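S.K.: I have a structure I would like to understand better, so I am pasting it below and will then ask my questions one at a time.
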Amino acid sequence: MPYTSTEVYRQMRVMREFEEACIRGVAEKHIHGEVHVAVGQEAIGAALAGVLRDTDALVSTHRNHLHAIAKGVPLYPMLAEIFERETGLCGGFGGHMHLFDPARRFSTTGIVGGSLPVALGHAYAARLRGDDAVAVAVVGDGSVNTGGFSESMNLAGVLRLPLVVVVENNEWAISVPFSASSATATIAERAASFGARGVRVDGLDRDQVHEAFVEAVASARAGGGPTILEATCYRFRGHYEGDLDLYRDQQEKEDRREQRDPLALARVELLVGGHADAAELDRIDHEARAEIDGIVQRVLADPFPDPATARQHVFESGLDLQAGV
Ligand SMILES: Cc1ncc(C[n+]2csc(CCOP(=O)(O)OP(=O)(O)O)c2C)c(N)n1
19 MPYTSTEVYR
29 QMRVMREFEE
39 ACIRGVAEKH
49 IHGEVHVAVG
59 QEAIGAALAG
69 VLRDTDALVS
79 THRNHLHAIA
89 KGVPLYPMLA
99 EIFERETGLC
109 GGFGGHMHLF
119 DPARRFSTTG
129 IVGGSLPVAL
139 GHAYAARLRG
149 DDAVAVAVVG
159 DGSVNTGGFS
169 ESMNLAGVLR
179 LPLVVVVENN
189 EWAISVPFSA
199 SSATATIAER
209 AASFGARGVR
219 VDGLDRDQVH
229 EAFVEAVASA
239 RAGGGPTILE
249 ATCYRFRGHY
259 EGDLDLYRDQ
269 QEKEDRREQR
279 DPLALARVEL
289 LVGGHADAAE
299 LDRIDHEARA
309 EIDGIVQRVL
319 ADPFPDPATA
329 RQHVFESGLD
339 LQAGV
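One rule links them: number in our numbering = place in the sequence shown (from 1) + 18.
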């Protein structure tokens, strides 16, 4: 489906600018450790936005920023957490790979495949509470051969739990191509073996992903059990910022960035379809950049966590092993 909505374009542009700010944050040494951005995967991020309630859970991965934005996590405390500041979602203790917003039931895990058992727990909790909340796990293609993926999908199928698993199949799990690690040509076709619905969509097409996601969530909410929603896409940058990425063919990367950039495609389709003119789209680009730049400036003026608090949050009990209390 061609892009017809400037609002969707704006959402994707804010997501792209957010990721670009993180990329600059690494280069300028404001952010330490591995940072995984989802440049090129914005159509999926935008497709998930505005569908879930605060009471629904979304559990994401190491490549989590766009999913947090889609779940409605505010940009400022999210960026502050990624920039390791005290004002961050977790007081600067978690960093980019550990974004948590309990009020919106948003969480992440750096354990590949780990999103599923956590989301399964949310789905089972909804069943025990007797309400109609839904749980969503968003994972990469690298997760689908883990035990946790199959075990969680099977139990969700057995109990008909309200679980939606969105797989962003960007063709690569670090240096391993999907084709070399999967016995099936698609992930969606595995759904039948778990008693789940299986749908495969073009992850460049925001509307196609959105419609499939809305349907999967509605089905789960109505007692229809789990869905695997596979969205195909491509990771434009290295696995993490700083990854030399020598394992992928240079031409493949260039072709994908040139021909399969959702922002570029949306721009062309909006112009050709007469839904927007260039000046309007330029203004959206400019506003998105200004919004994110403004947040970065605020974040950079924020304090780091006090080093004296470094051992806080290590044990739930607050036990300080060195002090022996
Ligand atoms: C259980 C586990 N094994 C290995 C790793 C190391 N690791 C981090 S990301 C990653 C690849 C993930 O690929 P995919 O799920 O396709 O997501 P993508 O990075 O492409 O978004 C691996 C193997 C890990 N974090 N957890």
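Ideal Cβ placement from N, Cα and C applies to all residues, glycine included. Bear in mind that the values here come from a model prediction, so they are computed numbers and not experimental data.
Could you say which of ALA45, HIS114 and VAL57 lies nearest to GLU79 if we only look at CA atoms?
M.R.: Within the sequence shown, the letter at position 61 stands for residue 79. Sequence inspection shows Thr at residue 79; the Glu mentioned does not correspond to that position. Minimum Cα distance to THR79 is reached at HIS114.
S.K.: Report the CB separation of ASN188 from TYR265 in whole angstroms; it is logged as a contact under 8 angstroms.
M.R.: Indexing the sequence shown from 1 puts residue 188 at position 170. Indexing the sequence shown from 1 puts residue 265 at position 247. So it is not a contact: roughly 14 angstroms between Cβ atoms.
S.K.: Keeping to the same chain, check which residues put their C-beta closer than 8 angstroms to that of GLY256; ignore five residues upstream and five downstream.
M.R.: Counting from 1 along the sequence shown, the entry for residue 256 is found at position 238. Cβ neighbours of GLY256 beyond the five flanking positions: LEU262 and ASP263.
S.K.: ASP119: buried (16+ other C-beta within 10 angstroms of its C-beta) or exposed?
M.R.: Taking the first residue of the sequence shown as 1, we reach residue 119 at position 101. When all chains shown are included, ASP119 counts as buried.
S.K.: Any chance the CB of ASP74 is under 6 angstroms from a heavy atom of ligand 1?
M.R.: Counting from 1 along the sequence shown, the entry for residue 74 is found at position 56. No, since every heavy atom of ligand 1 falls outside the 6 angstroms radius drawn around the Cβ of ASP74.
S.K.: In whole angstroms, give me the CA-to-CA distance for LYS89 and ASP267.
M.R.: On the sequence shown, residue 89 is found 71 positions in, with the first residue counted as 1. On the sequence shown, residue 267 is found 249 positions in, with the first residue counted as 1. Using only the alpha carbons, I get a separation of about 34 angstroms.
S.K.: Could you tell me which residues DSSP puts in a beta bridge with GLU345?
M.R.: The chain is shown only over 19 to 343; residue 345 falls outside these bounds and no answer can be derived.
S.K.: At what residues does the alpha helix (DSSP H) containing VAL290 begin and finish?
M.R.: Sequence index remark: in the sequence shown, residue 290 carries index 272 (1-based). 280-290 is the span of the alpha helix (DSSP H), which, as asked, contains VAL290.
S.K.: Grab the span of the beta strand (DSSP E) containing ARG218 for me, first residue to last.
M.R.: For the purposes of this step, residue 218 is identified with residue 200 of the sequence shown, where counting begins at 1. Element bounds for ARG218: 215-220.
S.K.: How close, in whole Å, do the beta carbons of VAL185 and VAL136 come, if the pair is a contact with beta carbons under 8 angstroms?
M.R.: Working through the sequence shown from its first residue, we reach residue 185 at position 167. Working through the sequence shown from its first residue, we reach residue 136 at position 118. VAL185 to VAL136, Cβ: 16 angstroms. No contact.
S.K.: From the DSSP output, read off the bridge partner residues of ALA153.
M.R.: The residue given as residue 153 occupies position 135 in the sequence shown. ALA153 is bridged to ALA75 and LEU181.
S.K.: Measuring only the C-alpha atoms, how far is LEU347 from ILE129?
M.R.: In the structure displayed, the chain extends from 19 to 343; residue 347 sits before or after that span and is not available.
S.K.: Quick one: is ARG34 buried, meaning 16 or more other Cβ sit within 10 Å of its Cβ, or exposed?
M.R.: Along the sequence shown, read from residue 1 onward, the residue named residue 34 stands at position 16. Under this definition ARG34 is a buried residue.
S.K.: With 16 other CB atoms within 10 Å as the buried threshold, where does LEU146 fall?
M.R.: As a first step, residue 146 must be located in the sequence shown, where it is residue number 128. So LEU146 counts as exposed.
S.K.: In angstroms, rounded to a whole number, what distance separates the CA positions of ASP149 and LEU70?
M.R.: Looking up residue 149 in the sequence shown gives position 131. Looking up residue 70 in the sequence shown gives position 52. Rounded to the nearest angstrom, the two C-alpha atoms are 14 angstroms apart.
S.K.: Using CA coordinates, which residue listed in PHE124, ARG208, SER193 and HIS331 is at the minimum distance from THR73?
M.R.: Taking the sequence shown and counting its residues from 1, the one referred to as residue 73 is at position 55. Here the closest residue by C-alpha is PHE124.
S.K.: Going by DSSP, which residues form a beta bridge with SER125?
M.R.: Within the sequence shown, residue 125 is the residue found at index 107, counting from 1. Note: SER125 sits in a beta bridge opposite VAL77.
S.K.: Determine, using beta-carbon pairs with one atom in the segment 56-68 and one in the segment 211-224, whether at least three such pairs fall under 8 angstroms.
M.R.: Enough Cβ pairs lie closer than 8 angstroms, so yes.
S.K.: Quick one: residues in its chain with C-beta nearer than 6 angstroms to the C-beta of ALA153, no 5 flanking neighbours on either side, listed in chain order?
M.R.: Residue mapping note: residue 153 aligns to position 135 of the sequence shown, counting from 1. The answer, listed in chain order, is ALA75, ALA137, HIS140, ALA141 and LEU181.
S.K.: In whole angstroms, what separates the C-alpha of HIS116 from that of GLU52?
M.R.: Numbered from 1 along the sequence shown, position 98 holds the residue referred to as residue 116. Numbered from 1 along the sequence shown, position 34 holds the residue referred to as residue 52. In a straight line, the C-alpha of HIS116 is about 12 angstroms away from that of GLU52.
S.K.: If I follow the unbroken alpha helix (DSSP H) through HIS228, where does it start and stop?
M.R.: The sequence position of residue 228 within the sequence shown is 210, counting from 1. Taken as a continuous stretch (DSSP letters only), the alpha helix (DSSP H) holding HIS228 covers 224-239.
S.K.: Alpha carbon to alpha carbon, what distance is there between ILE192 and HIS346?
M.R.: The structure shown has nothing for residue 346, since the chain only spans 19 to 343.
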